[in-house]
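In what follows, a structure is listed as structure tokens, so that the remarks can point back to it.
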Amino acid sequence: MTSVIIASPGNDAAMMASDLELEGVEVRRADPTELRDMALMEVDALLVVATRGVLTPDLVGACDRAGVRILPIGDADSRLVSRFGLSAPLPYDTPAWRILQLLASPPPAPDAAPRRPSRVLAVWGAHGAPGRSTVAIQLAVELSREGGRTALVDADSVAPSIALQLGLGDDAPGLAAACRRAELGTLDAAELSRLSSPVETSGGTLEVLGGLNRPSRWPELGAARVRSTLAACRAWVDETVVDVSAEFEEDDDPLDPGAPARHAATAAALLEADAVVAVLSADPLGVSRFVRGYAELRHLVGGTPITVVANRVRPGPLGIDARGQIRRTLDRFAGIEDVSFLPEDQRAADAAALHARAIADVSPRSPLVSAVRRVASGLRPREEVTAGSSRGSSRAARRLR
207 MTSVIIASPG NDAAMMASDL ELEGVEVRRA DPTELRDMAL MEVDALLVVA
257 TRGVLTPDLV GACDRAGVRI LPIGDADSRL VSRFGLSAPL PYDTPAWRIL
307 QLLASPPPAP DAAPRRPSRV LAVWGAHGAP GRSTVAIQLA VELSREGGRT
357 ALVDADSVAP SIALQLGLGD DAPGLAAACR RAELGTLDAA ELSRLSSPVE
407 TSGGTLEVLG GLNRPSRWPE LGAARVRSTL AACRAWVDET VVDVSAEFEE
457 DDDPLDPGAP ARHAATAAAL LEADAVVAVL SADPLGVSRF VRGYAELRHL
507 VGGTPITVVA NRVRPGPLGI DARGQIRRTL DRFAGIEDVS FLPEDQRAAD
557 AAALHARAIA DVSPRSPLVS AVRRVASGLR PREEVTAGSS RGSSRAARRL
607 R
């Protein structure tokens, strides 16, 4: 006899259960919040309403281990359904014979193309507010638009701003809470989903782990904690975009070599990243600061790919040929031949600040949005990064592990 669990409240689900029972199916009703306690090994299928709070990675994993077929029903989140590779949601008035027919048929074959491995992308920039956070937000929106589940993490221990720019409160648990659980070994995908703040954007839902609400709390973002958290993010989402501060290394305290480093969070994120987006401000001072910091960045991350992005490009401070000036300077003094350019769009930036939204949400036709989209599509996938490549100076790597 076929046995199923229907995890959906309401009269519609009750009518579906009655129809299935008339066809000889053993039906159990369950509250969606009680699914973790159900004996999945004893049923053939789970009919569940696909919402973020119910259809979690833990539940899908438990059903896979028990060999239980999942059929979404009712008003489901289509993005969530496609993310887990499930069939289209069934309306509540679906005939019982049709449900039995679906259960008797083999599940849909997985896509021929393998799932792209998850990545961690760090967004860094030199001193002087070159627009790291703005670029990180826009980059996360565009990566989400490509179909992957994306997280945005604020690991800036000096001036965190992601939560403020997206209109989130600064009292959310965020990265600090995730780091504490990572140290205890209790951080998993379900816990990350609980600690994060979902933000709806034009590209999809961003899972945001906000930063510290006071910079004085920087010791909570220890290197080991941050790296463990980002490692857990790989099993949680497809793309993790990390906003970091400008400073990433300082000398060890000679009186206490084991003391936490002030900028350990930035260095840890850069060492954990599969690729780095390095942002510079397109003005003489910004270019000069970037050239000085880039040498240290390259020394730290070793062979990790770095995409250089010139932000706020305009003809004023660098003359008419601003792009040519930047290209020649970076080539001569830093050996950088490939540069992406983001035009200045002050009106779009002001609108985003006014509404506390991503620029793509308030000014979708902005040339800045198009330029970031090109940067996102041009980032090297993780598969191209050589496994075991040299990452960082030996001194920094030893100190951060």
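So the sequence shown is residues 207 to 607, counted in my numbering. Built from N, CA and C at the ideal position, the CB exists for glycine as well. None of the values given here were measured: they were computed from a predicted structure.
Query: 8 angstroms CB neighbourhood of residue 404 in its chain, flanking five on each side removed; Result: 258, 411, 412, 413, 414
Query: Residue interval of the beta strand (DSSP E) (run including residue 406); Result: 403-407
Query: C-beta atoms of residue 517 and residue 488 nearer than 8 angstroms; Result: yes
Query: Alpha carbon of residue 638 to alpha carbon of residue 368, nearest angstrom; Result: No information on residue 638 is available, as it lies outside the stretch 207 to 607 that the chain covers here.
Query: Inter-residue spacing [alpha-carbon to alpha-carbon] between residue 570 and residue 311; Result: 43 angstroms
Query: 7 angstroms CB neighbourhood of residue 371 in its chain, flanking five on each side removed; Result: 339, 343, 562
Query: Where residue 496 falls: helix, strand or coil (DSSP); Result: helix
Query: Where the beta strand (DSSP E) through residue 331 begins and ends; Result: 325-331
Query: Proximity to residue 224 [Cα-Cα], best of 271, 525, 305, 431; Result: 305
Query: Inter-stretch contact (C-beta, 8 angstroms, three-pair minimum) for the region 380-395 and the region 341-357; Result: no
Query: Beta strand (DSSP E) segment containing residue 360, residue limits; Result: 356-360
Query: Alpha carbon of residue 337 to alpha carbon of residue 331, nearest angstrom; Result: 8 angstroms
Query: Nearest candidate by alpha-carbon position, reference residue 546, set 249, 341, 539, 423; Result: 341
Query: Neighbour-count burial assignment, residue 424, 16 or more Cβ in a 10 Å radius; Result: buried
Query: Distance, residue 495 Cα to residue 541 Cα; Result: 15 angstroms
Query: Beta-carbon gap between residue 229 and residue 328 smaller than 8 angstroms; Result: no
Query: Endpoints, beta strand (DSSP E) assigned at residue 254; Result: 251-255
Query: Bridge partners - residue 235, DSSP secondary structure assignment; Result: 212
Query: Residues bridged to residue 428 [DSSP beta-bridge criterion]; Result: Residue 428 is not bridged to any residue.
Query: Nearest-angstrom Cβ-Cβ length linking residue 479 and residue 427, presumed shorter than 8 angstroms; Result: Not really, about 15 angstroms apart at Cβ, beyond 8 angstroms.
Query: Beta carbon of residue 418 nearer than 8 angstroms to that of residue 383; Result: no
Query: Nearest to residue 275 (by Cα), restricted to the options 556, 221, 554, 209; Result: 209
Query: Three-state secondary structure assigned by DSSP to residue 380; Result: helix
Query: Beta strand (DSSP E) runs contained entirely in the region 499-580, provided each spans 3 or more residues; Result: 512-519, 545-549
Query: First through last residue of the alpha helix (DSSP H) which encompasses residue 486; Result: Unbroken run through residue 486 is the beta strand (DSSP E), 481-487; no alpha helix (DSSP H).
Query: Residue closest to residue 352, alpha-carbon to alpha-carbon, out of 532, 222, 444, 437; Result: 444
Query: Beta-carbon separation (whole angstroms), residue 585 vs residue 441, contact threshold 8 angstroms; Result: About 21 angstroms; that fails the 8 angstroms criterion.
Query: Selection from 543, 568, 544, 538 that minimises the alpha carbon distance to residue 551; Result: 568
Query: DSSP bridge partner residues for residue 445 (one or two, in chain order); Result: 325, 356
Query: Run of the beta strand (DSSP E) containing residue 450, from where it starts to where it stops; Result: Run containing residue 450: none; DSSP gives neither H nor E here.
Query: Where residue 347 sits in the DSSP three-state scheme; Result: helix
Query: Residue 446 beta carbon less than 8 angstroms from that of residue 326; Result: yes
Query: For residue 215 and residue 560, the rounded distance between their alpha carbons; Result: 40 angstroms
Query: Helix, strand or coil at residue 300 [DSSP, three-state]; Result: coil
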